[in-house]
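Residue numbers (the working numbering): 120 to 710.
No residue lacks a Cβ here, since even glycine has one placed at the ideal position from N, Cα and C.
Data first, discussion second: the structure below is written as structure tokens.
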Amino acid sequence: MSEKARPWWRDTVINRRASILGPADSRRRKGEWWDSAVIYQITPWSFQDSDGDGIGDLQGIIERLDYIGSLGVDAIWLTPIFDSPMDDLGYDVTGMRHVSPLFGSMGDFQRLLDLAHGRGLRVVLDMVWNHTSDQHRWFVESRSSRDNPRADWYVWADPGPDGGPPNNWLSSFSGESGWHWEEARGQYYFANFLKSQPDLNWFNEEVRAAVLERAKFWLDAGIDGMRLDAVNFFCHDPELADNPPRDRQGPPPDGISLDNPLAEQMFTNSFCRPETLELLAPLRELVDAYPGVMLLGEVIEADDSIRTAADYTAGDDRLHLAYHGALLFKERMSAGKLREVVRRALGAFGDKGACWIVGNHDFGRLHSQWNAADEHYPPAFYRMMAALLLVLPGAFCLWQGDELGLGEARIPEDIPPEKLKDPFGKAMYPRLNGRDGSRTPMPWDDGPQCGFTAGDAPWLPIPQAHRECSVATQQSNPGSILNHWRALLRWRLTQPALQMGTTRVLDLGDELFGLLREETEQRLLAIFNISERPVTVDLRAYGPLCPAQGLGYGQRDVLADTLELEPWGVLLADAEVSVPDAPGKAEACAS
Numbered sequence: 120m121s122e123k124a125r126p127w128w129r130d131t132v133i134n135r136r137a138s139i140l141g142p143a144d145s146r147r148r149k150g151e152w153w154d155s156a157v158i159y160q161i162t163p164w165s166f167q168d169s170d171g172d173g174i175g176d177l178q179g180i181i182e183r184l185d186y187i188g189s190l191g192v193d194a195i196w197l198t199p200i201f202d203s204p205m206d207d208l209g210y211d212v213t214g215m216r217h218v219s220p221l222f223g224s225m226g227d228f229q230r231l232l233d234l235a236h237g238r239g240l241r242v243v244l245d246m247v248w249n250h251t252s253d254q255h256r257w258f259v260e261s262r263s264s265r266d267n268p269r270a271d272w273y274v275w276a277d278p279g280p281d282g283g284p285p286n287n288w289l290s291s292f293s294g295e296s297g298w299h300w301e302e303a304r305g306q307y308y309f310a311n312f313l314k315s316q317p318d319l320n321w322f323n324e325e326v327r328a329a330v331l332e333r334a335k336f337w338l339d340a341g342i343d344g345m346r347l348d349a350v351n352f353f354c355h356d357p358e359l360a361d362n363p364p365r366d367r368q369g370p371p372p373d374g375i376s377l378d379n380p381l382a383e384q385m386f387t388n389s390f391c392r393p394e395t396l397e398l399l400a401p402l403r404e405l406v407d408a409y410p411g412v413m414l415l416g417e418v419i420e421a422d423d424s425i426r427t428a429a430d431y432t433a434g435d436d437r438l439h440l441a442y443h444g445a446l447l448f449k450e451r452m453s454a455g456k457l458r459e460v461v462r463r464a465l466g467a468f469g470d471k472g473a474c475w476i477v478g479n480h481d482f483g484r485l486h487s488q489w490n491a492a493d494e495h496y497p498p499a500f501y502r503m504m505a506a507l508l509l510v511l512p513g514a515f516c517l518w519q520g521d522e523l524g525l526g527e528a529r530i531p532e533d534i535p536p537e538k539l540k541d542p543f544g545k546a547m548y549p550r551l552n553g554r555d556g557s558r559t560p561m562p563w564d565d566g567p568q569c570g571f572t573a574g575d576a577p578w579l580p581i582p583q584a585h586r587e588c589s590v591a592t593q594q595s596n597p598g599s600i601l602n603h604w605r606a607l608l609r610w611r612l613t614q615p616a617l618q619m620g621t622t623r624v625l626d627l628g629d630e631l632f633g634l635l636r637e638e639t640e641q642r643l644l645a646i647f648n649i650s651e652r653p654v655t656v657d658l659r660a661y662g663p664l665c666p667a668q669g670l671g672y673g674q675r676d677v678l679a680d681t682l683e684l685e686p687w688g689v690l691l692a693d694a695e696v697s698v699p700d701a702p703g704k705a706e707a708c709a710s
């Protein structure tokens with residue numbers, strides 16, 4: 120690129136993080152920090168309230184940094200902290216360069232950033248660039264007429280032949296038309312989510328330039344990464360063609376239930392467009408000017424979220440990581456299902472880019488997945504689940520409170536309908552319960568309001584059952600699920616094979632799921648009993664094994680030729696030899 124054509128944002132790169140947190144974490148010896156990171160997701164709303172207003176804030180997070188540091192995670196991801204009317208947890212932004220007074224100030228954020236870096240924790244900010252609030256000054260101007268300077272900054276269209284919406288595109292929140300009439304323009308605007316969240320027009324070069332300006336602002340502030348909300352929604356079909364109907368006999372998009380109206384369409388035109396991939400290059404070029412900073416994409420509601428997420432990380436001009444919803448399902452987990460998902464992910468992502476989620480602010484808690492809503496699954500199942508998720512190749516996002524084994528708050532038992540805050544939940548209740556069940560405040564102790572706030576009431580009710588799972592209750596119990604997660608997370612940091620190398624998915628029958636993670640310095644065997652009965656494992660093909668210690672799985676120092684793995688049991692062990700003749704077919708892929 121010639122000097123004359125040099126982008127404006129390359130002229131000055133200011134990076135506060137370089138002097139605070141070096142580009143390489145001493146705990147990781149190879150690759151980029153994000154390749155195998157565990158990213159702890161926090162919503163400021165529900166983590167810790169420092170001023171008694173019932174809503175969490177940045178100072179509250181600062182007060183709990185020692186707790187976060189004790190977990191053994193690599194980074195924290197904050198849901199949006201920007202100026203907003205707060206119609207949707209802050210995902211309706213009015214000021215992309217301003218911290219909402221609800222959460223604190225820019226000074227509070229800088230202090231959080233510095234203190235997190237001082238503890239070796241990186242900070243990832245949630246960026247909402249698919250849409251803005253309808254109160255954003257851009258949209259206020261855009262909706263005022265057809266000929267103002269920002270008239271084309273949003274997705275506008277003339278009425279259809281019948282005077283109604285121009286096509287059949289649905290809102291992901293209401294299941295009804297995503298088009299909304301604007302009298303001043305005599306046109307409809309499109310909103311993939313709430314009516315108050317109009318979609319930006321990513322085909323407009325001025326819009327993309329404005330987004331880059333705001334990205335650079337936060338990069339200069341010293342953040343370590345950006346999570347791109349709904350990245351696969353950025354572009355739409357320019358011709359505004361209808362979405363085709365979906366065969367209801369087939370599976371719905373990942374993360375969407377069959378009873379959701381969204382399961383009735385194929386989203387080939389309203390989002391998941393190939394044009395988005397082409398428009399990410401300038402953002403990646405900007406971020407690459409800041410060493411050690413990564414881009415994480417949210418890929419949701421795609422028919423094949425693994426393949427789609429992998430497309431967003433293919434090459435050096437897109438994202439570094441993208442998470443998908445392939446493990447977001449309520450049905451009972453099986454070894455065969457796991458093998459199919461992990462093999463597809465290995466084949467799609469290759470040696471980098473994969474990121475896994477099983478619970479977050481949108482899709483429920485980890486405790487509500489894989490168990491067919493059976494509340495009687497034993498603690499061993501969730502301990503097995505934790506270990507399994509942490510040995511998968513790639514990065515993993517852990518939602519606040521999932522390390523405590525919190526169940527979802529029940530509606531209406533724990534959260535009465537009149538106290539719901541989630542706009543999707545309000546619109547869909549009682550047909551669907553929405554997202555408030557996974558957003559309730561953290562239970563820190565069993566005192567008033569569980570230690571979350573000194574105020575009279577938190578912004579969402581805290582379930583009584585969560586008191587029994589509080590941090591204070593679990594801290595002193597060596598056998599608690601919290602301390603189990605801590606042990607696993609710290610162990611993961613010391614395992615070279617979980618940071619780089621190859622992954623083999625082993626065929627071990629209907630009840631066992633197995634991986635062999637291999638790197639120059641280590642071969643790690645991981646076998647999981649995905650059943651309610653003991654299963655005997657033949658270990659002869661793996662050579663001498665050295666079981667992992669201190670993780671509470673009950674293995675002895677030396678293993679015999681066979682091992683009876685208890686229901687939901689786990690074997691994690693170093694293998695001293697390669698296993699070319701392991702039982703069943705093994706697929707080797709870089710991870």
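Element boundaries [beta strand (DSSP E), containing residue i]
| i | result |
| --- | --- |
| Glu637 | Leu631 to Glu638 |
| Gly214 | Gly214 to Val218 |
| Glu325 | Where Glu325 is concerned, there is no enclosing beta strand (DSSP E), although the alpha helix (DSSP H) it sits in stretches over Glu324 to Ala340. |
| Glu417 | Met413 to Glu417 |
| Pro666 | Leu664 to Pro666 |
| Ile158 | Val157 to Ile161 |
Of the residues the options, the one placed nearest residue i, counting alpha carbons only
| i | options | result |
| --- | --- | --- |
| Leu289 | Ile342, Thr387 and Ile195 | Thr387 |
| Leu485 | Glu459, Arg462, Ala499 and Gly526 | Gly526 |
| Trp610 | Val274, Gly671, Gly411 and Gly226 | Gly671 |
| Ala679 | Gly179, Glu532 and Cys665 | Cys665 |
| Leu398 | Asp366, Arg327, His355 and Leu634 | Arg327 |
| Ser296 | Asp657, Leu634 and Phe309 | Phe309 |
| Pro370 | His299, Glu450, Lys314 and Val412 | Glu450 |
| Glu301 | Asn362, Leu684 and Lys314 | Lys314 |
Beta-ladder partner(s) of residue i, from DSSP
| i | result |
| --- | --- |
| Phe647 | Phe632 and Val689 |
| Ser97 | For the chain, the structure presents residues 120 to 710; residue 97 sits outside this window and is missing. |
| Val656 | Leu682 |
| Phe309 | Trp298 |
| Tyr501 | Paired residue(s): none; Tyr501 is not in a bridge. |
| Tyr442 | Glu417 and Cys474 |
| Gly483 | Asn479 |
| His250 | Asp318 |
| Pro364 | Gln384 |
| Asp202 | Gly214 |
| Asp277 | DSSP, once it has assigned bridges, lists no residue as partnering Asp277. |
Burial state of residue i, where buried means 16 or more other Cβ atoms lie within 10 Å
| i | result |
| --- | --- |
| Gly566 | exposed |
| Arg216 | exposed |
| Arg659 | exposed |
| Phe336 | exposed |
| Glu325 | exposed |
| Arg146 | Its pLDDT being 46, under 50, Arg146 is placed unreliably in this model, and the value from its coordinates should be taken loosely. Arg146 should be labelled exposed. |
| Leu377 | exposed |
| Arg148 | Low local confidence applies: a pLDDT of 48 at Arg148 is under 50, so the model's placement there is unreliable, and no value is given. |
| Glu695 | exposed |
| Ala421 | buried |
| Ala491 | exposed |
| Glu494 | exposed |
| Ser261 | buried |
| Asp176 | buried |
| Pro512 | buried |
| Ala692 | buried |
| Ser219 | buried |
| Asp227 | buried |
| Asn320 | buried |
Cβ shell of residue i (< 7 Å), same chain only, five flanking positions each side left out
| i | result |
| --- | --- |
| Gly141 | Below a pLDDT of 50, predicted positions are generally treated as unreliable, and Gly141, at 43, falls in that range; no measurement from the model is reported. |
| Ile174 | Trp164, Asp168, Leu221 and Trp578 |
| Pro380 | Leu289 and Gly294 |
Same chain only: Cβ atoms within 6 Å of residue i, ignoring 5 sequence neighbours per side
| i | result |
| --- | --- |
| Asn552 | Ile530 |
| Ala143 | Annotation note: pLDDT 38 at Ala143 (below 50); position unreliable, coordinate value reported separately. The answer is none, since no qualifying residue turns up. |
Limits of the alpha helix (DSSP H) - the one that residue i falls within
| i | result |
| --- | --- |
| Met561 | Run containing Met561: none; DSSP gives neither H nor E here. |
| Thr622 | Run containing Thr622: none in the alpha helix (DSSP H); it sits in the beta strand (DSSP E), Thr621 to Asp626. |
| Val406 | Ala400 to Asp407 |
Proximal residues to residue i (C-beta, below 8 Å), its chain only, five neighbours per side dropped
| i | result |
| --- | --- |
| Leu682 | Thr655, Val656, Leu658, Gln674 and Leu690 |
| Pro285 | Ala276, Asp277, Pro278, Gly279, Trp298, Tyr307 and Leu359 |
| Trp171 | Checking the sequence, you will find Gly at residue 171 rather than Trp. For Gly171, where only same-chain residues beyond five positions count, the Cβ hits under 8 Å are Thr572, Ala573 and Gly574. |
| Pro702 | In this predicted model, Pro702 has a pLDDT of only 47, less than 50, meaning its place in the structure is not dependable; the value taken from the coordinates is given anyway. Taken in chain order, the residues that qualify are Leu625, Asp626, Leu627, Asp657 and Ala660. |
Residue-level contact to chain B via CB, residue i, 9 Å cutoff
| i | result |
| --- | --- |
| Tyr548 | Among the protein chains of the structure shown there is no chain B, as only one such chain exists. |
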